[in-house]
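Asks:
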Amino acid sequence: MSSARLRAAGPAVALGGAVALALSGCGVHCHEIGYTNELRVTVRGDDVEIIADIGLCAEDICAYPSQAAAPPTGRSYWVTHSVSNLWIYDFGDHHPDAVHLTLLDSAGRTLEEQDHEIDWVLTDEPNGAGCGWRAVPYDLTVAL
Numbered sequence: 274m275s276s277a278r279l280r281a282a283g284p285a286v287a288l289g290g291a292v293a294l295a296l297s298g299c300g301v302h303c304h305e306i307g308y309t310n311e312l313r314v315t316v317r318g319d320d321v322e323i324i325a326d327i328g329l330c331a332e333d334i335c336a337y338p339s340q341a342a343a344p345p346t347g348r349s350y351w352v353t354h355s356v357s358n359l360w361i362y363d364f365g366d367h368h369p370d371a372v373h374l375t376l377l378d379s380a381g382r383t384l385e386e387q388d389h390e391i392d393w394v395l396t397d398e399p400n401g402a403g404c405g406w407r408a409v410p411y412d413l414t415v416a417l
């Protein structure tokens, strides 16, 4: 190929390379702005004092009381705060459509299981387009 042809083909080759890079996902850059989506669960009812813990699973991912308690592989959610009748779950950048709750007594026995739809209000993508949505914390009250 002559040098004149190479010079003429240069812009087309550069454009093709840029398109390939963008389509491969390598050109997408996510920022590292820290945020977390929270679900706050409150229990109401006559026997709330017997609830010692609430297990939570969503989309085959479950919550654990600490990083040490979580399985060594796979994704986990965290219980970041739990006091009498209030559990706060950290979903990271996830915002699952539904959760499965298991209400437990102090001996770890299942008292009740419930499924709840979550209607998140998504606010923005703080780390860039395609890098995860931030949501307003969601308050869920469950009845026992």
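Adding 273 to a residue's 1-based position in the sequence shown gives its number in our numbering.
Just so it is clear, CB atoms sit at the ideal spot from N, CA and C, and this is done for glycine as well.
1) Who pairs with Y411 in a beta bridge, going by DSSP?
2) Would you report the Cα separation of C330 and V409, rounded to the nearest angstrom?
3) Hey, would you say I334 sits closer than 9 Å to S349, going by beta carbons?
4) Given that a residue counts as buried once 16 or more other Cβ atoms are within 10 Å of its Cβ, and exposed if not, what is P369?
5) Kindly indicate the opening and closing residues of the beta strand (DSSP E) around Y355.
6) Report the rounded CA-to-CA distance for A416 versus H302, giving the unit in angstroms.
7) Can you name, in chain order, every residue of its own chain whose Cβ lies under 7 Å from the Cβ of T414, other than the five neighbours on each side?
8) DSSP three-state label for I323, please.
9) In angstroms, rounded to a whole number, what distance separates the CA positions of D320 and H367?
Replies: In terms of the structure at hand:
1) DSSP output for Y411 lists L312 as bridge partner(s).
2) Their backbone Cα atoms lie some 20 Å apart in a straight line.
3) In contact: I334 and S349 (Cβ atoms closer than 9 Å).
4) P369 counts as buried, since no fewer than 16 other beta carbons sit within 10 angstroms of its beta carbon.
5) The question names Tyr, but residue 355 is Ser in the sequence shown. First-last of the beta strand (DSSP E) with S355: Y350 to V356.
6) Using only the alpha carbons, I get a separation of about 43 Å.
7) If we look at T414 and ignore the five residues flanking it on each side, its Cβ neighbours are T315 and R317.
8) Of the three classes helix, strand and coil, the one that applies to I323 here is helix, per DSSP.
9) A straight-line Cα-Cα distance of about 32 Å links D320 and H367.
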